[in-house]
Every structure is written in structure tokens, then in C-alpha cells.
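Numbering (UniProt numbering), first residue to last: 1 to 653.
1. Which one of 121, 138, 104 has the shortest CA to CA distance from residue 128?
2. Taking the straight line between their C-alpha atoms, what separation do you get for residue 451 and residue 520?
3. Please check the pair residue 570 and residue 594, which I expect to be a contact at CB under 8 Å, by giving their CB distance rounded to whole angstroms.
4. Is it right to say residue 602 is buried, meaning 16 or more other beta carbons lie within 10 angstroms of its own, or is it exposed?
5. Would residue 559 pass as a contact of residue 632 if the rule is Cβ separation under 8 Å?
6. Residues in the same chain with beta-carbon distance under 6 Å from residue 20, minus the five sequence neighbours each way, listed in chain order, please.
7. Would you list the residues sitting across from residue 366 in a DSSP beta bridge?
8. Drop a sphere of 10 angstroms on the beta-carbon of residue 562, count the other beta-carbons inside from all chains shown, and report buried for 16 or more, exposed for fewer.
9. Shortest alpha-carbon distance to residue 123 belongs to which of 200, 235, 181, 628?
10. Buried or exposed: which applies to residue 621, given that a residue is buried once 16 or more other Cβ atoms fall within 10 Å of its Cβ?
11. What would DSSP say about residue 259, mapped onto helix, strand or coil?
12. Per the contact definition of three or more C-beta pairs closer than 8 Å, is the segment 33 to 45 in contact with the segment 358 to 366?
13. Going by beta-carbon coordinates alone, are residue 370 and residue 321 separated by less than 8 Å?
14. Is the number of C-beta pairs between the segment 215 to 223 and the segment 278 to 291 that are closer than 8 Å three or more?
15. For residue 590 and residue 31, I'd like the C-alpha separation in whole angstroms.
16. Helix, strand or coil: which one does DSSP assign to residue 315?
17. Give me the Cα-Cα distance between residue 27 and residue 412, rounded to the nearest whole angstrom.
18. From this set, 214, 194, 334, which residue's C-alpha is nearest residue 691's C-alpha?
19. Taking the Cβ atom as the reference point for each residue, do residue 341 and residue 507 lie within a distance shorter than 8 Å?
20. With DSSP collapsed to three states, give me the class of residue 274.
21. Would you mind reading off the limits of the beta strand (DSSP E) that contains residue 92?
22. For residue 553, which residues from the same chain have a beta carbon less than 7 Å from its beta carbon, with the 5 sequence-adjacent residues on both sides left out?
23. How many angstroms separate the CA atom of residue 236 from the CA atom of residue 305?
24. Could you say which of 172, 378, 255 lies nearest to residue 190 if we only look at CA atoms?
25. Could you tell me whether the Cβ atoms of residue 82 and residue 52 are closer together than 8 Å?
26. Straight-line CA distance for residue 573 to residue 588?
27. Residue 540 to residue 156, Cα distance in whole Å?
28. Identify, in the order they occur along the chain, each residue of the same chain with its Cβ nearer than 7 Å to the Cβ of residue 92, setting aside the five sequence neighbours on each side.
29. Cβ-heavy atom distance between residue 61 and the ligand NAP below 7 Å?
30. Suppose you measure from the CA of residue 511 to the CA of residue 645; what does that come to, to the nearest Å?
31. Provide the residue span of the beta strand (DSSP E) that contains residue 404, from first to last.
32. Just how far apart, CA to CA, sit residue 232 and residue 303?
33. Within the segment 570 to 653, note down every full alpha helix (DSSP H) run reaching 4 residues or more, in order along the chain.
34. If you run the structure through DSSP and keep just helix, strand and coil, what is residue 302?
35. Among 471, 427, 194, 146, which residue has its Cα nearest to the Cα of residue 671?
36. Using DSSP's beta-bridge definition, name the partner residues of residue 449.
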């Protein structure tokens, strides 16, 4: 196998004016993200491979080589995707030298099986290729997920070709994609969007326009009633209106965000302004009215759907882990299209909260849905907690989230930096090395635990070059020094001079100069504890506050409030501002004084005005990063805590 130029999966933009080029030449070598990636390789991937074997995903392929195959294992016809998502993650691990021989053996085994079981016309699906299958290929586009399967196959194949120089899977994916181009030339669309992103990526890899054209066609066909809307109505599939006419994100959360990410890819390649205008409108509406404070998307369990504007209940938050990944994919593509730092703010909020919470601290158990509150008498639907089992589970009947976590964790380095117009854009901060442009940097930081970032030039171009640093929206008073001297924000400097603290422009701080090896840039992002309220239309959290520091949202678990039930805690802004910030067990914990205010009446709906409440007492409670909750047992938890205005009690004595 010959090594190919390393490219990120989100591909180089071809035609969109003003777009940025993502970098794959980033290696994360320390800090929280490095810990996550190391855990991915040592714990999550071996666990996932074990579960895929035990659940029958591998056997579903190998049995097709038998004369009298055993029955298909699993409830759903799309379980091949769990293999494909895992293969994509393994391609990054192997290509970046982070995986050993057992991972290589599994990768080769599954790729070999796919090569052998693929049908002569290119079709590939272990459920529908079964001679005993109750449905024929392409018979059920709404629920068959065959194109969804193809999408994840393509993404794994492109990752293997780019990161490993291994094109075996790419040849398999191209054969299947060519069949789909022919089969869906005039009509048809998949019930679960995903293939749109993948087809654009395959176009970027091969240069074959037919793949891009089909991706664009799939976006445009949706909303014209080509799917059979069984079980759920058309809006569940985003098939009730054309994409450009959607007034708001709607329906199944993962489907919606995947569709938008695919449409963004189409825009990046075609420059279709009407498509971008729809994407921008939908994104803005989602962020303003439908996204949880953690960055999670989706408030309804029954159909895994997004819900109405401001319908954001904490204890019933669905916020599927796959939806978090989909929102990040969409947000990253919007950043590539515009260079907008605000998209990265949302991306980062999702990464450190709604996505990270989906995996246990040991890397071997998962959340499918991610609520923002757990009541003390909560019962899991499966009854698993009756046996004392942890909140997260080792695997699921529909195990879409675990392998999705695997692949996303493996490629985190691809979402650190980008290049545009002779400048390097640092989109997020992690300890490591940034290469792939004219400017090579070493980055030292403990982000997100603190906001100090040191960037040292290791290789520099001959002429002036820009270093553009993102200043998150939550950061106030960010400062930059160059070789120890304050940098003047709006002037291109040649000697590291300047006399005042920099002010960000649209979320970015730019340092342009003639660089030399050894030059040092230091960015300081203040990280005080913040209190967030919610929009008055958001009834579920009216009169409550959530705590955040840097990109991290915090929560309180009952284990950390020994003297009062978490539902009785009341905190005010002064207490939040004066919270004690403490590094504990490789995390930053916030300890603060709160009031304990039990309800003044035991009635569910007491008559107003209420009787005078008893005096509150003062207690101490510790808040931990939301992504760490649920690792110490199934007790109560809250992200949103009552404020004094929401109680009828007196001040604490």
C-alpha cells in the first residue's frame, strides 16, 4: 500500500468563496482530549470490538459465505453501520500509529469479509442479502437504511484511504456507490439522511461529479413525499417540506442534523446560496430556541425528535449522543463555509458536554440519551438499576452511539485548526503539534481546565503569515502576548511590538508578522465561574440557573450535596461568583455555599399566596463537570438549580 496525502474527513473545499481548508496535520499529545483519545484506544475500542462480535455484527457478514446461513442476528436491518463506524475510527487509530496488532487484525478481518460478501452488482447489506430476508433490497426506503449504511461505509473507506493509504475498502464503497448512482438517478431518497455527507466526501476523494450530483439530488428530493410515512408523520423524516422551506429544525434529531451537514457539504462544493441561506436560518433558529445549555439536541423520547421551540425539559431531555455528533458535523461545516467563530463556540459546547457525557469514565459504558436532571426516584425503563448496575450500559439493542463515539474520538485532531488566505486558524485548543501549513506550532495548554495557551513556532515561512486565534464567546478580557510583549490587535507587526491588550474581531484575534522559529505567542482566556439563566419562554428552567466555566457546563450530584437534597438547593449569583475553584481527580470542581430550601408546602398545587416558609439553612455543595456525572452510582443530579427568586423562603441564617 502506498501512503497518500493525509486529509481530514471533512475534505478540502473546492469552489466556495471565502471557505477555509481544514487541517489533518494536528497531533494531540496531552491534556483532556489526549486522555480521551488514549482511553478510546485502550478501553473503548477493545470493548466495542468485543461487543460487535458478541452481538453478531461480524457473524452477520461471515454467515453469508455459508451454504446454509444462520439467521440474521439483531432487531434492525442497519447493524452493518456499527462495523463501518468502528472501521472509520480504527482507520484513524492505525493511520496515526495509536493502535496495535489486535486492532489491525480486526480491521483486516472485517474488510476482507466485506470484499467477499459484496454482491456482483456492488450491493452490500448483510440483512437484505440474507436468502431468508422478509424484504427485498430497496423495498423499504423509509426504514431499511440501506443508503444510510452506504454513507457510513464510504466514510470508513475514505478515512482508510487517507489515513492508512489502504484503498481496499474504498473499492468496495465505490462499487456500491456506483450502483446507487444508477439506481437512484431519477428518484428515491433514504429515510435516514447520512449518505449525502459521504457522497460529497467520495466526490472529493475521486473527483467523480456523479457522487456530488446525487448528494445534491437527495437534499432536493426530500420534502416531496417520496417516502412512505409509516409510524411517524413526514416531519419525522424531514420529508414534509423541501429543505429550503423548513422554518425550523424538526423531526428526528439525528436525521435532521445529518441532513443539514450533508446540505452544507453540497453548498461547500456548489456555492448554492439558497442552500446556505436555509442552513444559516435553520442553525440560528436551533441555537436560539432548541438547543440545550449542554449543546444537546432533541427533547422527545417517543420519536427521538427535536420538539417545539423552547420545549427543553431537563429530566426528559433526550439529546441522543449521535445527535451531538451530528450537530458538531453541521457546525464544523458552517465554520468551513464562513470562518465564523460562533459555529465553533457551539461545536465546543457540544464536544465537552453533550458528546462527552455519553461515555463513562472507564470508557466501557454509554449513555444513549443524556438528560440534564435525574430525580431521586427515577427508574430506568429497563429496570437495570434494580440490580445496582451503573447508569450507563455496556451496549444497546440499537448500538448506534458507541461506535459513533469511537470514530469521533479518534478524529478529534481534525477539528483543531484550519487554513485560509495565508493564515493559520486555531479553532480549538489542545496540547499538541499543528502542522500542514507554512507555520508549524507546538501548543502547550491545560485547556479546558484553564485558559492559558502557549504556542511556539517550530517552522516559519519567509514572509508575513497570519496566526488567527479563536476567542470563545464566553471569554471576556482575553489577552495576547508575542515574545512576552502585549500585542496590538489591529496592526500587522514585524517585531512583536504593540502596547495594549488585544480585542477580538468577530471571535478571532489575529497576529500577522514575519515569524521565526522560537517565537512564542501566549493567549490568556479568563475563566471565571458563570451563571446562566434561560429565556422566559423556556418554562422548564424558569427561575433556575446553570453553572459553567470555560466551555464546561456543571451539575450537582447528590453525592456532592450531603446536607441537602439537590432539589432543595438554592443558589444566587453572589454565591456562584464566589465559588471555590479546585482541581480534584484530574478535573476542576466548583464548591460553593447554597441555601437549602425545602418546599414551604407539601401540596402539589398550593393556593397562593403561600404561607411564610421556614428559614433556610446554609449548606455546601460541589459541582462537577456535566460530562462526568453518573460514574459513581445512580443518585439524583441537576444541571439547573433554583435561584432565590424561585423560592418563597427567607434568606439563609
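The C-beta atom is built at its ideal place from N, Cα and C for all residues, glycine as well.
Small disclaimer: the values here were computed from a predicted structure and weren't measured.
Working from what's here:
1. 138
2. 16 Å
3. 6 Å
4. exposed
5. yes
6. 336, 339, 418, 420
7. 359, 393
8. exposed
9. 181
10. buried
11. helix
12. yes
13. yes
14. no
15. 20 Å
16. coil
17. 9 Å
18. In this structure the chain extends from 1 to 653, so residue 691 is not present and cannot be described.
19. yes
20. helix
21. Looking at the DSSP string, residue 92 is not in any beta strand (DSSP E); the run it does join, the alpha helix (DSSP H), is 80 to 95.
22. 293, 294, 353, 546, 626, 639
23. 7 Å
24. 255
25. yes
26. 20 Å
27. 40 Å
28. 159, 163, 410, 411
29. Among the ligands in the structure shown, none appear at all, so the ligand NAP cannot be discussed.
30. 45 Å
31. From DSSP, residue 404 is part of no beta strand (DSSP E) but of the alpha helix (DSSP H) over 401 to 410.
32. 8 Å
33. 573 to 577
34. coil
35. Outside the modelled stretch of the chain, which goes from 1 to 653, sits residue 671, for which no answer is possible.
36. In the DSSP output, where bridge partners are listed per residue, residue 449 has none listed.
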